[in-house]
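Counting in full-length UniProt numbering, the sequence shown runs from 1 upward without gaps. The beta carbon of each residue, even a glycine, is placed where N, CA and C say it ideally should be. This report concerns only the one structure given below.
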Amino acid sequence: MTSASLRTLSLRLEDEQRTVKGFTSTQWHVAMLEPGDNGPHAVDLQLYMTERAAYRHNLNAERPRLFVRCSERQGAASPEAITASQEVAAGWMDGDWLVLDTSMPLAIQAWIEAYLVRHGEAPDEGRKKKRKGAGRARGDQA
1 MTSASLRTLS
11 LRLEDEQRTV
21 KGFTSTQWHV
31 AMLEPGDNGP
41 HAVDLQLYMT
51 ERAAYRHNLN
61 AERPRLFVRC
71 SERQGAASPE
81 AITASQEVAA
91 GWMDGDWLVL
101 DTSMPLAIQA
111 WIEAYLVRHG
121 EAPDEGRKKK
131 RKGAGRARGD
141 QA
């Protein structure tokens with residue numbers, strides 16, 4: 001890991017009690033996110049070459065987001081990881097993790113943009129061309 005692909009971010013999570021149809025639940029959200037390790041929770045945002053297309057997709061969105069994977073123990077949420085990739089975050093949600101999202105600070109957007117400029121955009125995978133006759137039953141088989 002190099003400092004060019006790693007940033008430590010501080011987070012503070014807050015909970016809010018919500019009641020819907022008589023049932024009360026706890027909703028967590030990111031109340032504070034800033035560079036460094038000065039906050040109550042510090043996590044490392046690591047950029048990976050294999051996620052460049054996801055970073056570009058996120059940066060091109062109207063409101064780029066960061067995604068925080070949390071564990072919940074004894075009524076408290078604790079951040080364990082952070083990513084700028086919606087694909088990674090979707091994988092976390094499939095694994096039944098608590099995943100929170102928050103606005104991506106402009107400084108982080110600029111840092112990710114610089115990473116993409118330095119390492120190049122991910123190759124466009126596009127649609128793969130089918131071989132002629134692939135996936136079709138052949139009538140001349142005995």
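Taking all protein chains shown into account, Leu100 has 16 or more neighbouring C-beta atoms within 10 Å of its C-beta and is therefore buried.
Residue burial annotation: Arg63 is exposed, with fewer than 16 other C-beta atoms found within 10 angstroms of its C-beta. Ranked by Cα distance from Gln17, the first of Gln109, Ala76, Trp92 is Ala76.
According to DSSP, residue pairing for Trp28 in a beta bridge involves Asp15. Looking at Ser3, Val43, Asp15, the one whose alpha-carbon comes closest to that of Glu72 is Asp15. Contiguous beta strand (DSSP E) elements confined to the region 75-126 occur at 76-83, 98-103, taking only those with 3 or more residues.
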